[in-house]
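Asks:
In my numbering, the protein residues as written are 13 to 279.
1) Would residue 219 pass as a contact of residue 29 if the rule is Cβ separation under 8 Å?
2) Indicate whether at least one CB of chain D lies closer than 8 Å to the CB of residue 59.
3) Can you have a look at residue 241 and say buried or exposed, based on whether 16 or more other CB atoms are within 10 angstroms of its CB?
4) Mind checking whether residue 64 and residue 38 have CB atoms under 8 Å apart?
5) Return helix, strand or coil for residue 120, following the three-state DSSP convention.
6) Alpha carbon to alpha carbon, what distance is there between residue 246 and residue 252?
7) What are the boundary residues of the alpha helix (DSSP H) that includes residue 174?
8) Do you know offhand how far residue 116's Cα is from residue 161's?
9) In angstroms with no decimal places, state the Cα-to-Cα distance between residue 182 and residue 140.
10) Which of the three DSSP states, helix, strand or coil, is assigned to residue 245?
11) Does the stretch 101–113 come close enough to the stretch 75–82 to have 3 or more Cβ pairs within less than 8 Å?
12) For residue 21, does the count of other Cβ atoms within 10 angstroms reach 16, so buried, or fall short, so exposed?
13) Does residue 100 come out as helix, strand or coil in the three-state DSSP assignment?
14) Residue 136: beta carbon under 7 Å from a heavy atom of the ligand HEM?
15) In chain order, which beta strand (DSSP E) runs of at least 3 residues are fully inside the stretch 14–88?
What follows is the structure in structure tokens.
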């Protein structure tokens, strides 16, 4: 025992699920490394932590310089890495620009892979845990979320592969798959909530269930019972999901004709 509190690093900690996870981790006695692009949002998160120790790192983790700043702030030991940062583009794939796709893949996937690679030595020192915040869109691919779903499917694959690859170093991996969450990003696809029958959870509820699963050492966390059922149907009878979502996509097209597809929210 070192006598020091365990350390958890959370990317995208300035709002939404990331902020709520920081609060949950602080309540569990963790020292925090909070990472995000906007310093003022990180400061707002830190103010909610009841004076729990926190290092704030304002950095763009899609860049080598940004990741280097994060690694430096962590030091030699890290108990939990939460890859939560993400960005969302909603709309027909044919309306996505190269910049839309590049930025979404870089933020949601590539940066998480690269940061995880860079922090493996610190995680191995603590025999720590990687927590990848995915999505039900990484289990069931919705129309108009094609590229976003691709990044989340990839994060699920990354989680499974690293769980097997890093086990020899004592590193565990948890994949979290929440459904749509009531965050600033949700406003950008509000017009799809009703046509697709989406249920929106508050980020505090999602984060607490995710954190509870992490502390219990679970490999996969679905914050809601309905998501587990839906994922089972997808795996056993994918044609049923195809049929249902094709119909919902058809009924939503009239709304899409009146909506800009390139609106987005970065976390």
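Every residue gets a Cβ at the ideal spot worked out from N, C-alpha and C, and that includes glycine.
Since we're looking at a predicted model, the values are computed, not measured.
Replies: Quick answer:
1) Here residue 219 corresponds to residue number 207 of the chain shown, with the count starting at 1. Here residue 29 corresponds to residue number 17 of the chain shown, with the count starting at 1. Less than 8 Å separates the beta-carbon of residue 219 from that of residue 29.
2) No chain D is part of this structure, which consists of one protein chain only.
3) Locating residue 241 in the chain shown gives position 229, where the first residue counts as 1. Counting Cβ neighbours within 10 Å, residue 241 comes out exposed, since fewer than 16 surround it.
4) Taking the chain shown and counting its residues from 1, one reaches residue 64 at position 52. Taking the chain shown and counting its residues from 1, one reaches residue 38 at position 26. Yes, these two residues count as a Cβ contact at 8 Å.
5) Taking the chain shown and counting its residues from 1, the one referred to as residue 120 is at position 108. For residue 120, the secondary structure class from DSSP, reduced to helix, strand or coil, is helix.
6) Here residue 252 refers to the residue found at position 240 of the chain shown. Here residue 246 refers to the residue found at position 234 of the chain shown. Taking the straight line joining both Cα atoms gives about 8 Å.
7) Sequence index remark: in the chain shown, residue 174 carries index 162 (1-based). Per DSSP, residue 174 belongs to the alpha helix (DSSP H) from 158–177.
8) Along the chain shown, read from residue 1 onward, the residue named residue 116 stands at position 104. Along the chain shown, read from residue 1 onward, the residue named residue 161 stands at position 149. Cα to Cα, the separation comes out at about 11 Å.
9) As a working mapping, residue 182 is identified with position 170 in the chain shown. As a working mapping, residue 140 is identified with position 128 in the chain shown. Inter-residue distance for residue 182 and residue 140 is about 7 Å (C-alpha atoms, whole angstroms).
10) For this step, residue 245 is matched to residue 233 along the chain shown. DSSP, reduced to helix, strand and coil, places residue 245 within a helical segment of the structure shown.
11) Because the criterion of three Cβ pairs below 8 Å is not met, the stretch 101–113 and the stretch 75–82 do not touch.
12) Residue numbering aside, residue 21 sits at position 9 when the chain shown is read from its first letter. With 16 or more other Cβ atoms within 10 Å, it is buried.
13) Here residue 100 corresponds to residue number 88 of the chain shown, with the count starting at 1. It is a strand residue.
14) Here there are no bound small molecules, and the ligand HEM is not part of this structure.
15) Within the stretch 14–88, the complete beta strand (DSSP E) runs of at least 3 residues are 19–23, 43–48, 66–70.
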